[in-house]
Ligand code: SAH
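In this note's numbering, the protein residues as written are 3 to 471.
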């Protein structure tokens, strides 16, 4: 295979970034924008020894699973990868991804796995689901402000203020900020030069409370007439109604975040209040959370509650249990479990998140949750050693980042002899690896439930239950 060669292939699989995968005489091609079931003439862009990258030149026959994306910039924007694939097919793909990992990496025989698999929990309406947006701000060739999203694998900004997966109220906020920039001649930040004022617009929306936060991330300490802008934003938010005619939104927080560093990191540490509070409040189930611009908070609240309910179901709590929630973030799962357990302990590496967890447990009057800062793989073995092996648990929940858990942590988890381990994972490959390790330590996989937290992207979240053999 050589660059610029044109071949006809059938797309047979989906890659990790949502691209189509097909073979030509045994040679694998990754094709952006192609869908499983498509037959296409593709042009090779880059050829390696055994595989290459290509783009669609002409669709010869289209897959029955192909749909027209809701969003006009879906093909260029780096945010969604699967909008052109029907939602049912996306869910089937995600289920298969989880299954394949557990079979191939986890070593679970397929016949054994099949009855453990629960149907994937998808969304009823897989659009407008995100409660947090971070729009980069730049300028077009004429110097006019643009804001939207980065194109895939680049820092070119695609102007888009009404993203199809963001909470719809965003669509009225951004045009006001844009017009204000033009009116007051406010410069957009230029990444290359490190000059210009407005870098990003961060918005957060409480799905239950309809409270809105707007935070301008600026390369400086002042934003001209910020109070006037805040009032304009408050006015459009108050008037806003979504497609179904639902309104009731309120601007609860308008603030500035100072970031004068030349960096890819979006937020700085300093927050300057302009209007209202520096946080919004929202609920997951019955639990109330205070969310600041810097807090980590799950971005799809409608699915998060389903994920946590599943974790709670798997934990099978009766009220007498000692539970550990490792990688607890701001204590979201911990507090959910604390409603039904005797005592919950959370461990998390980021000190600020633990502060939030403590504030949130007070806010909910949950006194049976205690939190520790540190790496789970350091904190747990140390505590276990200190207890001389007496530290036990009834249930241990883990929710690690993509790289999964370290063996030293899993060793300690097994040594604490919980009856059940609930593993929440954002990467089925590392989940499967860790399941295999825990199987060797005396646990067996009992149930698996994929949850779609990120519709139209290739990501899949999974909750599994492991029980002591
Ligand atoms: N359970 C939480 C957060 C899950 S995200 C929720 O549902 O909201 C994973 C969390 O693990 C992040 O908060 C991250 O900061 C934390 N983390 C990453 N590495 C860690 C480690 N080695 N030990 C403990 N926490 C870690």
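The beta-carbon is built from N, C-alpha and C at its ideal position, and this holds for glycine as well.
Is it the case that the Cβ atoms of residue i and residue j are separated by a distance below 8 angstroms?
i: residue 332; j: residue 345; result: no
i: residue 329; j: residue 311; result: no
i: residue 231; j: residue 268; result: no
i: residue 6; j: residue 43; result: no
i: residue 447; j: residue 437; result: yes
i: residue 435; j: residue 316; result: no
i: residue 214; j: residue 274; result: no
i: residue 191; j: residue 221; result: yes
i: residue 452; j: residue 96; result: yes
i: residue 131; j: residue 203; result: no
i: residue 115; j: residue 104; result: yes
i: residue 196; j: residue 189; result: no
i: residue 122; j: residue 454; result: yes
i: residue 57; j: residue 33; result: yes
i: residue 10; j: residue 62; result: yes
i: residue 71; j: residue 85; result: yes
i: residue 342; j: residue 314; result: yes
i: residue 225; j: residue 218; result: yes
i: residue 37; j: residue 87; result: yes
i: residue 134; j: residue 301; result: yes
i: residue 371; j: residue 348; result: yes
i: residue 426; j: residue 399; result: yes
i: residue 22; j: residue 16; result: yes
i: residue 257; j: residue 235; result: no
i: residue 39; j: residue 151; result: no
i: residue 270; j: residue 255; result: no
i: residue 388; j: residue 410; result: no
Name the one or two DSSP bridge partners that residue i has.
i: residue 464; result: 427 and 452
i: residue 255; result: 215 and 278
i: residue 345; result: 324
i: residue 63; result: 41
i: residue 138; result: 202
i: residue 435; result: In the DSSP output, where bridge partners are listed per residue, residue 435 has none listed.
i: residue 125; result: Answer is none; residue 125 lacks a bridge partner.
i: residue 225; result: Bridge partners of residue 225: none, in fact.
i: residue 147; result: 141
i: residue 46; result: 56
i: residue 119; result: 450
i: residue 7; result: Paired residues: none, contrary to the question.
i: residue 22; result: 16 and 33
i: residue 291; result: 284
Would you say the beta carbon of residue i comes nearer than 7 angstroms to a heavy atom of ligand 1?
i: residue 377; result: yes
i: residue 283; result: no
i: residue 351; result: yes
i: residue 403; result: yes
i: residue 298; result: yes
i: residue 432; result: no
i: residue 459; result: no
Please classify residue i: is it buried, with 16 or more other beta-carbons within 10 angstroms of its beta-carbon, or exposed?
i: residue 420; result: buried
i: residue 13; result: buried
i: residue 340; result: buried
i: residue 465; result: buried
i: residue 74; result: exposed
i: residue 237; result: exposed
i: residue 106; result: exposed
i: residue 458; result: buried
i: residue 128; result: buried
i: residue 259; result: buried
i: residue 248; result: exposed
i: residue 168; result: buried
i: residue 83; result: buried
i: residue 305; result: buried
i: residue 4; result: exposed
i: residue 18; result: exposed
i: residue 147; result: buried
i: residue 181; result: exposed
i: residue 140; result: buried
Against chain B, with Cβ distances strictly below 8 angstroms, would residue i count as a contact?
i: residue 276; result: As a matter of chain content, chain B is missing from the structure shown, which is built from one protein chain.
Among the options, whose alpha-carbon lies nearest the alpha-carbon of residue i?
i: residue 405; options: 433, 390 and 241; result: 433
i: residue 367; options: 192, 289, 124 and 465; result: 289
i: residue 393; options: 173, 402, 382 and 403; result: 382
i: residue 401; options: 377, 154 and 418; result: 377
i: residue 108; options: 455, 459, 445 and 456; result: 445
i: residue 173; options: 167, 163 and 181; result: 163
i: residue 120; options: 75, 414 and 309; result: 309
i: residue 294; options: 247, 395 and 205; result: 205
i: residue 239; options: 185, 175, 430 and 41; result: 175
i: residue 153; options: 379, 143, 77 and 228; result: 77
i: residue 460; options: 53, 89 and 380; result: 89
i: residue 266; options: 337, 201 and 362; result: 201
i: residue 281; options: 361, 91 and 100; result: 361
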